[in-house]
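Below is one structure; the comments refer to it alone.
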Amino acid sequence: MLELRLVQGSLLKKVLESIKDLVNDANFDFSSSGFSLQSMDSSHVALVALLLKSEGFEHYRCDRNTSMGMNLGNMSKMLKCAGNDDIITIKGDDGSDTVTFMFESPTQDKIADFEMKLMDIDSEHLGIPEAEYHAIVKMPSAEFARICKDLASIGDTVVISVTKEGVKFSTRGDIGTANIVLRQNTTVDKPEDATVIEMNEPVSMTFALRYMNSFTKATPLSNTVTISMSPDLPVVVEYKIAEMGYVRFYLAPKMEE
Amino acid sequence: LERQLILLSYFQGC
Numbered sequence: 001m002l003e004l005r006l007v008q009g010s011l012l013k014k015v016l017e018s019i020k021d022l023v024n025d026a027n028f029d030f031s032s033s034g035f036s037l038q039s040m041d042s043s044h045v046a047l048v049a050l051l052l053k054s055e056g057f058e059h060y061r062c063d064r065n066t067s068m069g070m071n072l073g074n075m076s077k078m079l080k081c082a083g084n085d086d087i088i089t090i091k092g093d094d095g096s097d098t099v100t101f102m103f104e105s106p107t108q109d110k111i112a113d114f115e116m117k118l119m120d121i122d123s124e125h126l127g128i129p130e131a132e133y134h135a136i137v138k139m140p141s142a143e144f145a146r147i148c149k150d151l152a153s154i155g156d157t158v159v160i161s162v163t164k165e166g167v168k169f170s171t172r173g174d175i176g177t178a179n180i181v182l183r184q185n186t187t188v189d190k191p192e193d194a195t196v197i198e199m200n201e202p203v204s205m206t207f208a209l210r211y212m213n214s215f216t217k218a219t220p221l222s223n224t225v226t227i228s229m230s231p232d233l234p235v236v237v238e239y240k241i242a243e244m245g246y247v248r249f250y251l252a253p254k255m256e257e
Numbered sequence: 258l259e260r261q262l263i264l265l266s267y268f269q270g271c
């Protein structure tokens, strides 16, 4: 028996919107402490890792660990039918091949349930090792989205370089080049507007902007984004979901031939 | 010229 009631249903809608274009199908792993998802995109260049802890739910019951394979496009279609203020409940029964999403309006005058077919998914469960990063940049998520969008109109790849001067995003394309430098800026009115650079050693890595732009679909989930980089490791782009967990995107770098 | 690495090379065997 599985029953999870999320008062802030819009959160789940936003989570799905942030990952559905990257990953088609994924196993949702439910346990008593929360649920998680880990899946690579079809080309094995990017990986999404989602965690939503049980504390974030108004009601959370998961009698035994269970894994449910879902098509994220179909799940997104169903969650789009929930209003932004709706309370969303996910229900499942042991051994069932369906999952039910229940949507309640805040005034309880409209209640809908949508039953979705589950699927068997062979997923390679990868262990993601904890790593020490050369540089960790925390910045406003909207600013990061803006930079990725702007640079993608000029080039296909972004070089992200962190030095003690700041973080530089660079691209080049047929029409020219672009460089955007952000300096550490902690003297802001609101902490979420700060750009904070933790650097142990300078680092410079190249990534495909197509993937970075896909990650920025998670912008509505968090005011800030954290970018963690070390040479020879995938970059981690993390959007924290307040008091509940995170969506993390891992992206393999591009290397010069 | 750039070569796109894939994640399997990082996470395989973990």
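Protein chains in written order, with this note's numbering: chain X, 1 to 257; chain F, 258 to 271. Ideal Cβ placement from N, Cα and C applies to all residues, glycine included. Treat the numbers as computed from the prediction; the structure is a model and nothing was measured.
{"query": "Find out if the Cβ-Cβ distance for the pair residue 86 of chain X, residue 103 of chain X is shorter than 7 Å.", "result": "yes"}
{"query": "Nearest to residue 1 of chain X by CA position, among X:62, X:173, X:226, is which residue?", "result": "X:62"}
{"query": "From residue 65 of chain X to residue 177 of chain X, what does the alpha carbon distance come to, in whole angstroms?", "result": "51 Å"}
{"query": "Where do the ends of the alpha helix (DSSP H) carrying residue 250 of chain X lie?", "result": "Note, residue 250 of chain X: premise wrong, no alpha helix (DSSP H); beta strand (DSSP E) at 245-251."}
{"query": "Roughly how many whole angstroms lie between the Cα atoms of residue 110 of chain X and residue 80 of chain X?", "result": "15 Å"}
{"query": "Let me confirm a value: residue 9 of chain X is counted as buried when at least 16 other C-beta atoms fall within 10 Å, else exposed. Which label applies?", "result": "buried"}
{"query": "Taking the alpha helix (DSSP H) that residue 43 of chain X falls in, what are its first and last residues?", "result": "Element bounds for residue 43 of chain X: n/a, residue is neither H nor E."}
{"query": "Using a Cβ-Cβ distance cut-off of 7 Å, determine whether residue 255 of chain X contacts chain F.", "result": "yes"}
{"query": "Taking Cβ positions only, does residue 59 of chain X come closer than 7 Å to chain F?", "result": "no"}
{"query": "Apart from the five residues on each side of it in sequence, which residues of its chain come closer than 7 Å, Cβ to Cβ, to residue 73 of chain X?", "result": "20, 24"}
{"query": "Could you say if the region 115-134 of chain X and the region 226-236 of chain X meet the contact criterion of at least three C-beta pairs nearer than 8 Å?", "result": "yes"}
{"query": "Using a Cβ cut-off of 7 Å (strictly closer), state whether residue 51 of chain X contacts chain F.", "result": "no"}
{"query": "In angstroms with no decimal places, state the Cα-to-Cα distance between residue 122 of chain X and residue 38 of chain X.", "result": "12 Å"}
{"query": "So, are the CB atoms of residue 252 of chain X and residue 264 of chain F less than 7 Å apart?", "result": "yes"}
{"query": "Can you give me, in chain order, the residues of the region 218-233 of chain X that have a beta carbon less than 8 Å from any beta carbon in chain F?", "result": "233"}
{"query": "Can you pull the chain F neighbours of residue 212 of chain X, defined as C-beta to C-beta under 9 Å?", "result": "Ordered by position in chain F, no residue passes the 9 Å Cβ test against residue 212 of chain X, which lies about 13 Å from the chain."}
{"query": "So is residue 195 of chain X buried or exposed if we call it buried at 16+ other beta carbons inside 10 Å?", "result": "buried"}
{"query": "In the DSSP assignment, the alpha helix (DSSP H) including residue 188 of chain X goes from what residue to what residue?", "result": "Run containing residue 188 of chain X: none; DSSP gives neither H nor E here."}
{"query": "Since residue 226 of chain X sits in a beta bridge, which residues does DSSP pair it with?", "result": "X:138, X:238"}
{"query": "Could I get the ranges of all uninterrupted alpha helix (DSSP H) runs contained in the region 154-218 of chain X, with 4 residues as the minimum, in chain order?", "result": "209-215"}
{"query": "Under 7 Å between the Cβ atoms of residue 206 of chain X and residue 235 of chain X?", "result": "no"}
{"query": "Any idea what DSSP makes of residue 58 of chain X, helix, strand or coil?", "result": "coil"}
{"query": "State the DSSP-derived secondary structure class of residue 146 of chain X, mapped to helix, strand or coil.", "result": "helix"}
{"query": "Using a Cβ-Cβ cut-off of less than 8 Å, list which residues of the region 191-215 of chain X approach chain F; keep chain order.", "result": "206, 208"}
{"query": "Would you call the region 234-250 of chain X and the region 163-181 of chain X touching, i.e. three or more CB-CB distances under 8 Å?", "result": "no"}
{"query": "Compute the Euclidean distance between the alpha carbons of residue 163 of chain X and residue 244 of chain X, then round it to the nearest angstrom.", "result": "32 Å"}
{"query": "Go ahead and pull the three-state DSSP assignment for residue 84 of chain X.", "result": "coil"}
{"query": "Does the CB of residue 135 of chain X have a neighbour CB from chain F at under 7 Å?", "result": "no"}
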